[in-house]
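Structure record follows, encoded as structure tokens.
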Ligand SMILES: [Zn+2]
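In our numbering, the protein residues as written are 96 to 534.
Below is the structure:
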């Protein structure tokens, strides 16, 4: 299968340039001067004039078919693949979440079965839900036999899948020896559980108490302790879904000191502030995700840190729930399943709020949504448009105006937290391994 893409305005992580792209059997073989590839028999040719061509998006933080007491999250691997492609995402990294005490490789096999219907690129972070007696051996098997490069630990949710700092330190020491990365959900579980309990006892059950039960300090305190563990162990840490300004400031300082620290934020913290928690249950429950949206000044500071490269990636933590599922917490916000969808909108939102507002450059847009994730998580054939790389390409129309809505999304959910937002610039079509997919 030969394919020529002519007059491509390529947005790369280092430079923006024009070229024709020659694609053979799902791979980019050569880049040629713009307009030089001939229209020939047997070759499909696509004229990309007027569009940006980006490397296929990589979202390194996605939860499809996540098991919760309110049932599985709304997108399974089939609908999740569609919502990803519609948003210019050709590769996702999801999670294996072992039950406490379950062998890691057994949990991996179960998760691989659940993911059979995935039609885009996929790999997994391995969750660590508690200490196992032969932890070192099990982590080694994951890395050496199953190609796992990253483990995930939750400091929140201690009564379920979370672990404590002592266990985290032991896991970091093992990961450092294995050359693996540890992803950390940094929130102080003890203070959060105490605050949640107090609110519920006092009858303060509305979703507005969700952000008040997880104030910014509960994140930045945990970030501080994790940075201390990085100093002690030398393990590379990737902090997921950073939402608070103080956390970002500590990360920036640690990076200046040369510590092996990587950090992610998400579109929901760049688009919303905590005013989304004022309103009826139906209006506010969609915004119950953790960490929560923060007071407005945090959002502005996160954008500054994005510009200054404090963050390596913008991922979504995609985990939508339907209104029926959110209703589980109608009388108690702690029972609302935590999460929202964003896979479909991450790349357009970063363009709309970031590139068009001159907060980030076109190159940073691609770094944050694709190329950094490729290099951090070892996806060698992805992340840039160059000979030898997979022909995973996003055709992005910077002039296309779209109103986001649950009524038109591919996401399998009746909620869209960006409902009614009009944005400029949208994904026109996506090529995955040299084949077009339209939504
Ligand atoms: Zn997550």
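Think of the CB as a built atom: it goes at the ideal place given N, C-alpha and C, for glycine as much as any other residue.
Beta-carbon proximity of residue i to residue j, cut-off 8 Å
| i | j | result |
| --- | --- | --- |
| residue 614 | residue 405 | Because the chain here runs from 96 to 534, residue 614 falls outside it and cannot be looked at. |
| residue 345 | residue 315 | yes |
| residue 148 | residue 179 | no |
| residue 548 | residue 463 | Examination of residue 548 is not possible in this model, given that the chain is present from 96 through 534 alone. |
| residue 381 | residue 421 | yes |
| residue 440 | residue 362 | yes |
| residue 279 | residue 238 | no |
| residue 108 | residue 525 | no |
| residue 302 | residue 372 | yes |
| residue 409 | residue 151 | no |
| residue 343 | residue 430 | no |
| residue 276 | residue 234 | no |
| residue 318 | residue 281 | yes |
| residue 411 | residue 438 | yes |
| residue 515 | residue 492 | no |
| residue 224 | residue 192 | yes |
| residue 401 | residue 454 | yes |
| residue 385 | residue 427 | no |
| residue 523 | residue 496 | no |
| residue 118 | residue 112 | no |
Residue i: CB within 7 Å of a non-hydrogen atom of ligand 1
| i | result |
| --- | --- |
| residue 170 | no |
| residue 412 | yes |
| residue 186 | no |
| residue 162 | no |
| residue 335 | yes |
| residue 446 | no |
| residue 220 | no |
| residue 528 | no |
| residue 301 | no |
| residue 158 | yes |
Residue i burial status per 10 Å Cβ neighbour count (16 or more: buried)
| i | result |
| --- | --- |
| residue 162 | exposed |
| residue 120 | exposed |
| residue 466 | buried |
| residue 136 | exposed |
| residue 542 | A question about residue 542 goes unanswered here, because the residues of the chain that appear run from 96 up to 534. |
| residue 531 | exposed |
| residue 144 | exposed |
| residue 339 | buried |
| residue 210 | buried |
| residue 360 | buried |
| residue 399 | exposed |
| residue 168 | buried |
Legend entry - Meets three-Cβ-pair contact criterion under 8 Å: the stretch 148-164 and the stretch 187-204: Segments in contact, yes.
Legend entry - Minimum length 3: unbroken beta strand (DSSP E) runs contained in the stretch 262-296: List check, beta strand (DSSP E) in window: 276-280.
Inset, instruction - Take every Cβ of the stretch 475-494, pair it with every Cβ of the stretch 247-255, and state whether three or more of those distances are shorter than 8 Å. - result: No, the stretch 475-494 does not touch the stretch 247-255.
Inset, instruction - Mind listing, in chain order, the continuous beta strand (DSSP E) runs of no fewer than 3 residues lying wholly within the stretch 317-362? - result: Counting whole runs of 3 or more residues, the stretch 317-362 contains the beta strand (DSSP E) stretches 332-334, 356-360.
Inset, instruction - Run through the stretch 189-214 for me and flag every whole beta strand (DSSP E) of 3 or more residues, listed as ranges in chain order. - result: Taken in chain order, the complete beta strand (DSSP E) segments of 3 or more residues contained in the stretch 189-214 number zero; there are none.
Legend entry - the stretch 501-519 contacting the stretch 122-142, beta-carbon criterion three pairs below 8 Å: The stretch 501-519 is not in contact with the stretch 122-142.
Legend entry - Segments assigned alpha helix (DSSP H), at least 4 residues, entirely inside the stretch 380-431: DSSP runs (the alpha helix (DSSP H)) wholly in the stretch 380-431: 391-402, 418-421.
Inset, instruction - Quick one: which unbroken alpha helix (DSSP H) runs of 4-plus residues sit fully inside the stretch 437-508? Chain order, please. - result: Segments of the alpha helix (DSSP H) lying fully in the stretch 437-508: 441-444, 457-461, 467-471.
Inset, instruction - Count the C-beta pairs between the stretch 290-309 and the stretch 257-273 that are closer than 8 Å, then say yes if the count reaches three, no if not. - result: No, the stretch 290-309 is not in contact with the stretch 257-273.
Inset, instruction - Please specify which runs of the beta strand (DSSP E), each continuous and at least 3 residues long, are wholly inside the stretch 97-145, giving them in chain order. - result: 97-106, 111-119, 122-127, 139-142, all fully within the stretch 97-145.
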